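*Asks:* Here it is, the structure, as structure tokens.
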Amino acid sequence: MSTVLVAGGTGSIGRAIVEALVEQGKFKVTVLGRKSNAELEERLGARVIATDYGTVDGLVSILEENKVDTVISALGGLAPPDAEKALIHAAEASSVTRRFIPSVFGVKYRPEYA
């Protein structure tokens, strides 16, 4: 069974992705979030790993320790600005990760909504 990691998997889009993957029962699902939470893990049916997305090396360790085959990025607006870049570089550097899937390729925010 391959492992799918959903970065931002506790947010609205990310949670929907996690729930769909868990429901399929074909993958071991792991979630990256700002905080780990045993109650949330139980509700989601997936392990939640806390990270600040601070270093590529730290993210590589998470990917390799959990044997993550596929990373799905569902990072929201509260994620640190360079979080997705670090995640991309970590997926590229990982010896076990084969796929990186962004959920959004870019969003241009209008100033009045900032």
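Going by the UniProt record's numbering, the first residue of the sequence shown is number 1, and it counts up by one from there. The beta carbon of each residue, even a glycine, is placed where N, CA and C say it ideally should be. Here the structure is a predicted model, which means the values were calculated and not measured.
#1: Is the separation between the beta-carbon of A74 and that of S103 shorter than 7 angstroms?
#2: L63 by DSSP, collapsed to three states: which one?
#3: Just to confirm, is the Cβ distance from A46 to V31 under 7 angstroms?
#4: Measuring only the C-alpha atoms, how far is A79 from I88?
#5: With a threshold of 16 other CB atoms inside 10 Å of the CB of G8, please say whether the residue is buried or exposed.
#6: Who does A50 pair with in a DSSP beta bridge?
#7: Compute the distance between the beta-carbons of T70 and V6, then report whether it is under 7 angstroms.
#8: I need the boundaries of the alpha helix (DSSP H) containing A86, first residue and last residue.
#9: For S73, report the span of its beta strand (DSSP E) as first-last.
#10: Residues bridged to A38 by DSSP?
*Replies:* The relevant details are as follows:
#1: If you number the sequence shown from 1, residue 74 lands on position 74. If you number the sequence shown from 1, residue 103 lands on position 103. Yes; because the gap between Cβ atoms is below 7 angstroms, this pair is in contact.
#2: Within the sequence shown, numbered from 1, the residue matching residue 63 stands at position 63. In the structure shown, L63 sits in a helix (DSSP, three-state: H, G or I).
#3: Within the sequence shown, numbered from 1, the residue matching residue 46 stands at position 46. Within the sequence shown, numbered from 1, the residue matching residue 31 stands at position 31. Yes, they are a contact pair.
#4: Position 79 of the sequence shown, counted from the first residue, corresponds to residue 79. Position 88 of the sequence shown, counted from the first residue, corresponds to residue 88. If you take the alpha carbons of A79 and I88, they lie about 14 angstroms apart.
#5: Here residue 8 corresponds to residue number 8 of the sequence shown, with the count starting at 1. G8 should be labelled buried.
#6: Walking along the sequence shown from the start, residue 50 turns up at place 50. DSSP, once it has assigned bridges, lists G33 as partnering A50.
#7: As a first step, residue 70 must be located in the sequence shown, where it is residue number 70. As a first step, residue 6 must be located in the sequence shown, where it is residue number 6. No.
#8: As a position in the sequence shown, residue 86 is number 86, starting the count at 1. From DSSP, the alpha helix (DSSP H) with A86 extends over 83-93.
#9: In the sequence shown, counting from the first residue as 1, residue 73 sits at position 73. Its beta strand (DSSP E) spans residues 68-73.
#10: Stepping through the sequence shown from its first residue, residue 38 is reached at position 38. None; A38 has no bridge partner.
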